[in-house]
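Working notes, beginning with the structure itself.
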Amino acid sequence: MQIKTVFAGFGGQGVLMMGYSFAQAAMFEGFHVTYLPSYGVEVRGGTANCTVAVSNEEIASPVASQPDYLVVMNNPSLLTFQTRIAPGGAFFLNSSIITGRPKRSDVDIWEVPTAEIAAELGNPRVQNVVMMGAYVKMTRMVSPESYLKSLKSILGSKKKAAMEINRKAFEAGFNHIE
Amino acid sequence: MSDKILIAGNWAIGEAAIRAGCRFYAGYPITPQNELTEYMAENMRRAQGGTFIQAESEIAAVNMVLGASSAGARAMTSSSSPGISLKQEGISALAADELPAVIVNMMRGGPGLGNILPSQGDYFQATRGGGHGDYRTLVLAPASVQELADLTMDAFDLADKYRNPVMILGDGMTGQMMEPVEFGKPRPRRYNEKYILKGAGDGKSKFVRALILDALRMEEHNWKLVRKYRVIEQNEVRFETYKTGNARLIIIAYGIAARIAKGAINRLRDSGMKVGLIRPITLWPFPAQIIRDTAERIDRFLVFEMSTGQMIDDVKLALEGRGHVSFYGRPGGVVPTPAELAKAIIQEYRRVLA
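Keeping their order, the protein sequence lines are chains A and B. FYI, in our numbering the residues of the first sequence are 662 to 839. FYI, in our numbering the residues of the second sequence are -14 to 339.
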């Protein structure tokens, strides 16, 4: 199997961290993995995205011309990527701010109101991890334990409180989606 | 669990260099290799006796490396295509002076300032010496972040062994992407003290000098270098073969292009097409013998490069008229998908083997 995911949103929404935390969790589980951040003539306040490929074999190209999963955190990302997703793939939509819906009938759509869920937890900054809870649950590529271990290694040991709120955010996203 | 860490190519070069004992780095910023300069700025301080300098220009950086190398440091500089052009005078001087140094080129689209996207247009520059004069640089072409790390460590040993500049020829994509890496154990440095300038004391004065005005002495220096290059050609060729056993068409590609080729080959093999890959890991010395040997069994070759066609010349030189060589290229910063390359291979396969 080889699964490619594009994570996309505004700069500042933590989309690169979403991709990195997932890629590292996949590495912990022994998969081959590549993580490719978008780079180019980007502007401040512009869009950011990254591509993560996970496979049980060597990965030929880290680029996803047809991603299997698309995690979109804002409207422009949906417009940019919706035509590229593979048939039978799935969208993970930040329904708090994305007003449109994909014009595709051959894919699954999972809506996650990340802002509302994060607000209930009292911290708007954990919206990306809320989304990752839903993503990890539905894609079943890595276990919640591996993902949380990855998250912990990113946050570092000095920030116990940060890990706690992020763990809650992950669980809230995980439990939100059925 | 192993000690793998998920790390970007540019950082992996920096970490591997420090682990290999690099204690002098000078560079000047240019995308897409800035993360390497950034890594050295941050981490050279934890290397005992380490020096990081952000130089005022690429030319200054390579000349600082020349100075540090002659004073006995394991030294490295890095840049991307236009910056590497600027360093050529210094690389020629390193070769003439027989000084070890590692030069990293994370290629981007060109010619000129071009763009900042991954490309392979600097093959000629890297493998033909690049600067003026009769000289060669060893050129290593990694195809993954793990290989970037491994070859960076090897590059320092090769540079010392042959007292010659070694170039790591990567591209924007291998520099930017992250993959799991396990860093190897560095070997102890074996470099003869007699080549190091550290003050003559009461002994005879020593020189590192490439200005040789006498023609016969300059000629002898040239032949001396060539004898060394012949030894390198004998000993240091590296390549990988992939599914060449029963292949009827062989793809030849290096670096990131070789990875894309593997993806294409896997697709084609699934539909019964007998396609294999030869991946040069050293671009100079070029793995000519394996290509020649392969041509005894298989006479169809397709060279794939992210350029308009440069390595294809070396393939033709290796074949000396044997076999048939075709080409597929995407220059200018375009990275084709394995699916796209597979289509090009199918066309060639059907045209010549149907």
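Ideal Cβ positions, reconstructed from N, Cα and C, are used throughout, including at glycine.
Taking CB distances under 8 Å as the criterion, tell me whether residue i reaches chain A.
i, result
"B:Asn90", "no"
"B:Pro272", "no"
"B:Gly115", "no"
"B:Arg93", "no"
"B:Asn220", "no"
"B:Met(-14)", "Note that B:Met(-14) has pLDDT 48, beneath the 50 cutoff, so the model's placement of it is unreliable and the number below is only indicative. So yes, B:Met(-14) belongs to the interface."
"B:Met203", "no"
"B:Met158", "yes"
"B:Asn251", "yes"
Give the interface partners of residue i over in chain B, defined as CB-CB distance under 8 Å, in chain order.
i, result
"A:Thr871", "Residue coverage of chain A in this structure runs from 662 to 839, which leaves residue 871 of chain A outside it and unanswerable."
Measure how close the beta-carbons of residue i and residue j come, nearest whole angstrom, since I'm counting them as under 8 Å.
i, j, result
"B:Tyr214", "B:Arg121", "5 Å"
"B:Ala195", "B:Asp82", "5 Å"
"A:Pro723", "A:Thr712", "6 Å"
"B:Arg223", "B:Thr267", "5 Å"
"A:Ala776", "A:Ile838", "A:Ala776 to A:Ile838, Cβ: 16 Å. No contact."
"B:Leu136", "B:Trp269", "Wrong, their Cβ atoms sit about 14 Å apart, outside the cutoff."
"B:Val260", "B:Tyr180", "Not really, about 47 Å apart at Cβ, beyond 8 Å."
"A:Ala709", "A:Ser716", "Not really, about 24 Å apart at Cβ, beyond 8 Å."
"B:Glu27", "B:Leu143", "So it is not a contact: roughly 27 Å between Cβ atoms."
"B:Ile245", "A:Ala721", "6 Å"
"B:Met92", "B:Ser63", "That pair is no contact at about 12 Å."
"A:Ala725", "A:Ala779", "Not really, about 27 Å apart at Cβ, beyond 8 Å."
Under 9 Å Cβ-Cβ, which residues of chain B neighbour residue i?
i, result
"A:Tyr696", "Leu(-9), Ala(-7), Met162, Met163, Glu164"
"A:Ala747", "Those do not exist, as A:Ala747 stays about 12 Å from chain B at its closest Cβ, beyond 9 Å."
Would you say residue i faces chain B, with C-beta separation under 8 Å as the test?
i, result
"A:Ile838", "no"
"A:Ala684", "yes"
"A:Ser716", "no"
"A:Met688", "yes"
"A:Glu777", "no"
"A:Ser738", "no"
"A:Thr719", "Before going further, note that residue 719 of chain A is Glu rather than Thr in the sequence given. Closer than 8 Å to some Cβ of chain B, the Cβ of A:Glu719 qualifies, so yes."
"A:Ser756", "no"
"A:Lys829", "no"
Residues of chain A with a CB under 7 Å from the CB of residue i: which are they?
i, result
"B:Pro17", "Tyr700"
Run down chain A in chain order and give the residues with a C-beta less than 9 Å from the C-beta of residue i.
i, result
"B:Asn149", "Those do not exist, as B:Asn149 stays about 32 Å from chain A at its closest Cβ, beyond 9 Å."
"B:Asn231", "Under the 9 Å cutoff, chain A gives no residues; its nearest Cβ is about 20 Å from B:Asn231."
Along chain B, in chain order, which residues have C-beta atoms closer than 7 Å to that of residue i?
i, result
"A:Ser722", "Arg244, Ile245, Gly248, Thr322, Pro323"
"A:Ser766", "Under the 7 Å cutoff, chain B gives no residues; its nearest Cβ is about 24 Å from A:Ser766."
When you compare the CB of residue i with every CB in chain D, is at least one pair closer than 8 Å?
i, result
"B:Tyr120", "Of the protein chains in the structure, A and B, none is chain D."
*Return the residues of the region 296 to 329 of chain B that lie within a Cβ-Cβ distance of less than 9 Å from chain A, sorted by chain order.*
Val320, Pro321, Thr322, Pro323, Ala324, Glu325
*Looking at C-beta atoms only, is the number of pairs between the region 127 to 135 of chain B and the region 818 to 829 of chain A that lie closer than 8 Å three or more?*
no
_When you compare the region 166 to 173 of chain B with the region 230 to 247 of chain B, are there three or more beta-carbon pairs, one atom per stretch, that lie closer than 8 Å?_
no
*Determine, using beta-carbon pairs with one atom in the region 94 to 103 of chain B and one in the region 152 to 164 of chain B, whether at least three such pairs fall under 8 Å.*
yes
*Of all the residues that make up the region 802 to 824 of chain A, which are near chain B by a beta-carbon distance shorter than 7 Å?*
none
_Under 8 Å: do the region 734 to 741 of chain A and the region 668 to 687 of chain A share three or more Cβ pairs, one atom per stretch?_
yes
_Interface residues of the region 28 to 51 of chain B facing chain A [CB-CB below 7 Å]_ = none
*Taking three-plus beta-carbon pairs below 8 Å as touching, is the region 6 to 14 of chain B in contact with the region 58 to 67 of chain B?*
yes
*Taking contact to mean at least 3 C-beta pairs separated by less than 8 Å, is the region -10 to -3 of chain B in contact with the region 38 to 49 of chain B?*
no
*Decide if the region 726 to 733 of chain A is in contact with the region 741 to 759 of chain A; the criterion is three or more beta carbon pairs, one per stretch, under 8 Å apart.*
yes
*the region 242 to 251 of chain B touching the region 319 to 330 of chain B, judged by at least three CB pairs closer than 8 Å*: yes
*So, do the region 18 to 30 of chain B and the region 809 to 819 of chain A have three or more beta carbon pairs nearer to each other than 8 Å?*
no
_Taking 8 Å as the cut-off, does the region 61 to 75 of chain B touch the region 182 to 201 of chain B (at least 3 CB pairs, one atom from each stretch)?_
no
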